[in-house]
Amino acid sequence: GAVVSQHPSRVICKSGTSVKIECRSLDFQATTMFWYRQFPKQSLMLMATSNEGSKATYEQGVEKDKFLINHASLTLSTLTVTSAHPEDSSFYICSAPYYLGGANTGELFFGEGSRLTVL
Amino acid sequence: EDKVVQSPLSLVVHEGDTVTLNCSYEVTNFRSLLWYKQEKKAPTFLFMLTSSGIEKKSGRLSSILDKKELSSILNITATQTGDSAIYLCAKRDTGNQFYFGTGTSLTVIP
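Chains as they are written, first to last, in my numbering: chain U, 981 to 1099; chain D, 5 to 114.
So, in C-alpha cells, the structure goes:
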C-alpha cells in the first residue's frame, strides 16, 4: 500500500533553535500534503496545506514565519519550526492524498509523526 | 466553517462489549467520509464512505453513512483491548480538503 514516511520521529532541541521535519511519499507522487499538530488526547489540528511548486496555504492562527513549509518536489514536503520555544512542543503529523494512476483515490495516508520537545 | 463533530468524546467499555461511535458533518461540498484509528502514532485508515446506506465491514468493525442525517457511525463488536485508541472521522470535500472531527477516545478494559 501507499506509504508516507516522516522523519525524524522524535527530536529534542533547545529553545531558539530551528527544527526541520521531512515528509516523503514513498511510492506515489503527492502534489498536496497536509501538516497537522496534535496535542495529547486531542484530534488533529490542520496547520497548513503544502502545494508542490507554490506557496503553502496556512490555516487561520498559524504563524507562517514560524512554521515554514516547503514542497520542493512531488515526493517531499518539509516543515521547519523556526526559533522553537517550549510551547511549540507537540506531535506533528503530515499526510498526503493518495494518487493511483494519476487519479486521486480519496484516501489520505499519514506519516508516522514527529514528536518535538523544546527545552 | 466545516465542522465535523464526533461523539462521545471518550468511552470506557469492557472486553466483549459492542460500541457505536458517531460522526456528524456539515453538508458543504461533501465528497466522502473517512474513519481512522490512531494508537500511539499516526492514524491508520479504516473506511472511506461515499454512498449512503451501504455498510462497509472489516472484521469486527463496520461503518455506514447516512447522507440524509449528515452522519456516520462506526461499530465495533466484541471489543478487545487492542481496540483501545482514538477514532477519528474526517470529511473530504470536493476541493480535496480533509476536515477532522474531535475524535473519540475508546478504552477497552480487560
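We treat Cβ as the ideally placed atom computed from N, Cα and C, and that holds for glycine.
Sequence-distant residues of its chain with Cβ nearer than 6 Å to residue i (five each side left out)
| i | result |
| --- | --- |
| P1066 (chain U) | V1098 |
| L1006 (chain U) | V983 and S985 |
| T22 (chain D) | T81 |
| N33 (chain D) | D97 and T98 |
| R1017 (chain U) | M1025, M1027, S1070 and Y1072 |
Contact list for residue i against chain D, beta-carbon separation under 9 Å
| i | result |
| --- | --- |
| Q1022 (chain U) | I90, T106 and G107 |
| T1039 (chain U) | Sequence check: residue 1039 (chain U) is Glu here, not Thr. Those within 9 Å of E1039 (chain U) in chain D number zero; the least Cβ separation is about 11 Å. |
Burial state of residue i (16 or more Cβ within 10 Å)
| i | result |
| --- | --- |
| F1019 (chain U) | exposed |
| T1029 (chain U) | buried |
| V112 (chain D) | buried |
| I1049 (chain U) | buried |
| S1057 (chain U) | buried |
| K72 (chain D) | exposed |
| T57 (chain D) | Residue identity differs from the one stated: residue 57 (chain D) is Gly in this sequence, not Thr. Exposed is the call here. |
Three-state secondary structure (DSSP) of residue i
| i | result |
| --- | --- |
| T98 (chain D) | coil |
| G1086 (chain U) | strand |
| T85 (chain D) | helix |
| D21 (chain D) | coil |
| D1045 (chain U) | coil |
| D1007 (chain U) | coil |
| P1077 (chain U) | strand |
| E1067 (chain U) | helix |
| L74 (chain D) | coil |
| T1055 (chain U) | coil |
Proximal chain U residues relative to residue i, where beta-carbon distance stays under 7 Å
| i | result |
| --- | --- |
| L38 (chain D) | L1088 |
| K45 (chain D) | E1092 and G1093 |
Any non-hydrogen atom of the ligand ADP closer than 7 Å to residue i Cβ
| i | result |
| --- | --- |
| G1033 (chain U) | The ligand content of the structure shown is nil, which means the ligand ADP is not present either. |
Listed by chain order, chain D residues near residue i by CB distance under 7 Å
| i | result |
| --- | --- |
| I1073 (chain U) | A46 |
| N1084 (chain U) | N100 |
Contacting residues, own chain, Cβ-Cβ under 7 Å from residue i (five flanking each side not counted)
| i | result |
| --- | --- |
| A89 (chain D) | K41, Q42, E43 and L110 |
field: Residues of the region 1044 to 1059 of chain U with Cβ closer than 8 Å to any Cβ of chain D, in chain order
entry: none
field: Chain-ordered residues of the region 986 to 1019 of chain U with a beta carbon less than 9 Å from chain D
entry: Q986, S989, T1012, F1014, Y1016 and Q1018
- request: Check each residue of the region 45 to 67 of chain D: if its Cβ is closer than 8 Å to any Cβ of chain U, include it; give the result in chain order.
  value: K45, A46, P47, T48, F49, M52 and T54
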